[in-house]
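Reviewing the structure listed below.
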Amino acid sequence: MPSALVTGATGFVGSHLVDGLLEKGYRVTVTVRRTSRLRWLEGKPIEKLEVDFTREVTLPPCDVFFHVAGVLHAGSWAEYLAGNRDAARRAIQGARAGRFVLVSSLAVAGPGNPVDEASPCRPISLYGRSKWEGEQGVWEERRRVPVTVIRPPVVYGPRDFGLYDMYRTLALGIRPEIGGPKAISIIHVSDLARGIIQAAESGAGANEVFYLANRESWVMTELMRVMERAIGRRAIGIPIPDRVVRFLGGVTEDAARWAGKSLMFGRDKALEMTQRAWVCSAEKSRRVLGWEARRSVDEGMKDAVAWYRSQGLL
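At position 285 of the sequence shown the residue is numbered 1355 (the working numbering), and the sequence of numbers has no breaks.
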């Protein structure tokens, strides 16, 4: 029975990765903190290991170490670095594994239409820059532990709260249309989890970077119409200029800092939201790994909406 160690297992992507590993017969250990919420892990045959990645760690041996944990939003550059650079470095330095898989982000590459693994990385946000620095720290250890880096685009599906406000806004009959046309790549979380495991198990995946995404990219207004159909509600488009989004990002961030809170939406997120394209090509994953996204966006959106409704969220 192969063994896996997973960080970030209490979150959206990490919990689905754990489900996929268990389905494939892995013996799974997850790292947790004292404050971790275990709602997606309850009742599953896993071992839990309390680990503090703010300091050096020594971890149990495993066949594959999946480092999914990270900071999506933070109040400062130092907090981004602590969560996305320093934790990744400590994880691989403490790893005793046959393969180390880092789940990074398309934000590392920066906007483009499309970018691929040969494209230069030009992150524009604090989040993207910190994930890029985390990748660099991991690559420094690749001679000791073979490394695989996965860069997902927008991920959606059950347990996701990153896009939840969008679903809720559309359910109220409002479709925010930010600036001009905005193109994105997207992937259902089940396809992502399967691709992460496939890359980890492939000999050709060692010391390589992969993008995992559906073949087609989407203009945001068209994607929101797919979401509307899944919800069963037609929304009215409300144009919002890019400059307004960036202004609101600054105001929201300053207000949250004054109140001692950290919110998902701020200057960093507003900067990312107002780019023309966040599109990546998954051709290398198809060619090298034989991986292909299976969930159509129409099917995937219905799956996500059904989950929100089952939780009383829509």
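Here a beta-carbon is modelled for each residue, glycine too, at the ideal position from N, C-alpha and C.
Pairing Val1349 with Ser1175, the inter-Cα distance amounts to about 12 angstroms. For Gly1168, the closest C-alpha among the options Ile1244, Val1215 and Asp1186 is that of Val1215.
Separation of the CB atoms of Leu1075 and Phe1135 is rounded to 5 angstroms, and the pair is thereby assigned contact status at 8 angstroms. In the assembly as shown, Val1367 is a buried residue. Its beta-carbon has 16 or more other beta-carbons within 10 Å. Taking the Cα of Pro1223 as reference, the smallest distance to any Cα among Ser1255, Leu1242 and Leu1233 is reached at Ser1255.
Assigned with DSSP and collapsed to three states, Tyr1096 falls in coil, not helix or strand.
Between the segment 1137-1155 and the segment 1195-1211 there are three or more C-beta pairs closer than 8 angstroms, enough to call the two in contact. At the C-beta level, Lys1339 and Gly1319 come within 8 angstroms of one another. Following the DSSP letters along the chain, one finds Asp1133 inside the beta strand (DSSP E) bounded by residues Cys1132 to His1137. Around the beta carbon of Met1343, a 10 Å sphere encloses 16 or more other beta carbons of the protein chains shown; the residue is thus reported as buried. By the C-beta density criterion, Ile1244 is exposed, having fewer than 16 other C-beta atoms within 10 angstroms. Judged by beta-carbon spacing, Ile1194 lies within the 8 angstroms limit of Leu1341, meaning their Cβ atoms are closer than that value. Beyond the five residues adjoining it in sequence on each side, Asn1154 comes within less than 6 angstroms, by CB distance, of Gly1140, Val1141, Ser1200, Lys1201 and Gly1204 in the same chain, given in chain order. Within the DSSP secondary-structure output, Glu1117 pairs in a beta bridge with Thr1099. For Thr1099, the CB contacts under 6 angstroms within the same chain, skipping 5 residues up- and downstream, are Leu1075, Glu1117 and Leu1119 in chain order. Taking all protein chains in view, the Cβ of Gly1382 is surrounded by fewer than 16 other Cβ atoms within 10 Å, so the residue is classified as exposed. With contact defined as three or more Cβ pairs closer than 8 angstroms, the segment 1304-1312 and the segment 1371-1378 are not in contact. In terms of Cβ geometry, Ala1300 and Ile1220 do not form a close pair [threshold 8 angstroms]. Leaving aside the five residues that flank Glu1323 on each side, the residues in its chain whose CB is nearer than 6 angstroms to its CB run, in chain order, Gly1336 and Arg1337.
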